[in-house]
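Protein chains: 2
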Amino acid sequence: MESRIDRIKKQLHSSSYKLTPQREATVRVLLEHEEDHLSAEDVYLLVKEKSPEIGLATVYRTLELLTELKIVDKINFGDGVSRYDLRQEGAAHFHHHLVCIECGAVDEIQEDLLEDVEEVVEKRWHFKIKDHRLTFHGICYRCQDKKK
Amino acid sequence: MESRIDRIKKQLHSSSYKLTPQREATVRVLLEHEEDHLSAEDVYLLVKEKSPEIGLATVYRTLELLTELKIVDKINFGDGVSRYDLRQEGAAHFHHHLVCIECGAVDEIQEDLLEDVEEVVEKRWHFKIKDHRLTFHGICYRCQDKKK
DNA sequence: CTTCTTGCAAAGCTTTTGCAGCACG
DNA sequence: CGTGCTGCAAAAGCTTTGCAAGAAG
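Those protein sequences? They're chains A and B, same order as listed. Final position of the first sequence in our numbering is 148; the numbers increase by one with none missing. Final position of the second sequence in our numbering is 296; the numbers increase by one with none missing.
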């Protein structure tokens, strides 16, 4: 069976890029932390554990490359660093985020809740939507429970 | 009649901050460019036209202060700079944005289109929503028309 | 006086870039 | 060989901070 890495390798090849050991190590870290929202520095430190010789610049370059190929999405929650999020395979749109203003946790909503809204926006504002970013700021279920 | 500046002055006072000449000049620039999405540097240059002695750090400090008081919202469209957007008076939530991937224009949607979605999120994910950020990326009506 | 605010310069951070060397066909 | 990729260090932004001086009550 074809693995996720293999498919990413093909995506790279079809744009004439190689899956070098450094790039593979970076992608593996992203796969192992799919639930998280790692910054470039986070990724760098994790890659370094297994491939200590990698440079931070290479991580940045790889993340930029993966963003360009739409394998990952670059997001910004307003804390001064960019974070990188593996896109669901075959997902047309970017998923949504729930950012907790108390504990800082970031949860994901994979479901697309914006279909109706997008229809309205396309018609009423005559805007051809290609992608979206939706983040809710509030209090997560864990922090709500904690207060009781 | 009470002006917008007066009301902002009161908001500052009620948190024991002063509306200094520098702060007032900064707020005026924001009011005059309500439609735009100015970066700190943009604001600095515009304020400088009328108050040449102002320092960039003061503009940053003022924008931070206004963000804290929820008079402006700090946004990030992923281009490496923070932008500042005056909040509609009395608006409970942040408005939405349409970012054109061809010409870079940013249009605003003042209407709140997320009421239904928020209800679903609060119930299904047990998340207490305090605010949201919604940005659509796509092609604006101007660029669509241009192609015809 | 006392407290808050400012301007300047320096420092801090994240991210990008230049370049020589390496890898691999 | 040639092209692409990497690591390192330097550079380049954007933003924050330290500090002495200034403003305001």
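The beta carbon of each residue, even a glycine, is placed where N, CA and C say it ideally should be.
Within the same chain, and ignoring the five residues on either side of L214/B in sequence, the residues whose Cβ sits closer than 7 Å to its Cβ are V220. From the listed residues Q110/A, E119/A, E102/A, the smallest Cα separation to C143/A is found for E102/A. Inter-residue distance for H241/B and Y165/B is about 24 Å (C-alpha atoms, whole angstroms). G226/B has a beta carbon lying within less than 7 Å of a beta carbon in chain A. Shown here for L134/A: same chain residues with a beta carbon closer than 7 Å to its own, the five before and five after excluded, namely H96, L114 in chain order.
Within the segment 167-211 of chain B, the alpha helix (DSSP H) runs of at least 4 residues that lie entirely inside it are, in chain order, 169-180, 188-198.
Nearest neighbour of R87/A by Cα position, chosen from L63/A, E118/A, V120/A, turns out to be L63/A. Within the segment 250-281 of chain B, contact with chain A at the beta-carbon level (separation under 8 Å) is assigned to D255, I257, L261, L262, D264, V265, E266, V268, V269, W273, H274, F275, K276, I277, K278, D279, H280, R281. CA-to-CA, the gap between L69/A and L194/B works out to about 38 Å.
Residue contact with chain B for L56/A: absent (no Cβ-Cβ distance below 7 Å to any residue of chain B). With a cut-off of 8 Å on Cβ pairs, the segment 44-60 of chain A is not in contact with the segment 197-209 of chain B, counting fewer than three such pairs. With respect to the 7 Å criterion, H137/A and K271/B are not classified as neighbours on the basis of their beta carbons.
Proximity to V247/B across I287/B, E189/B, L178/B, H274/B peaks at I287/B, based on C-alpha coordinates. The Cβ atoms of V27/A and I8/A sit closer than 7 Å to each other. In the three-state reduction of the DSSP assignment, E89/A falls in the coil class. Separation of the CB atoms of L179/B and R231/B is rounded to 16 Å, and the pair is thereby denied contact status at 8 Å. Less than 7 Å separates the beta-carbon of Y289/B from that of H126/A. Residue-level contact check: F94/A does not touch chain B, since none of the beta carbons of chain B fall below 7 Å from its beta carbon.
For L246/B, the neighbours in chain A by C-beta distance under 8 Å run, in chain order, V121, W125, F127. Interface annotation, H285/B: in contact with chain A, CB-CB separation under 7 Å.
Taking the C-beta atoms as reference points, A173/B is found no nearer than 7 Å to S151/B.
As far as DSSP is concerned, C143/A takes part in no beta bridge. Within chain A, the residues whose beta carbon sits less than 9 Å from that of Q292/B are H126, F127, K128, listed in sequence order. Counting the other CB atoms within 10 Å of its CB gives D79/A a total below 16, which places it among the exposed residues.
Taking C-alpha positions only, E35/A is separated from Q22/A by approximately 22 Å. In the DSSP assignment, H161/B forms no beta bridge with any residue. V268/B and V117/A do not touch by the CB rule: their CB atoms are close to 12 Å apart, not below 8 Å. Per DSSP, reduced to three states, the secondary structure at L262/B is coil, with no helix or strand assignment. Our two residues, I223/B and D233/B, have alpha carbons roughly 7 Å apart in a direct line. Taking all protein chains shown into account, V191/B has 16 or more neighbouring C-beta atoms within 10 Å of its C-beta and is therefore buried. Residues of chain A with a Cβ closer than 8 Å to the Cβ of K295/B do not exist, since the nearest Cβ in that chain sits about 10 Å away.
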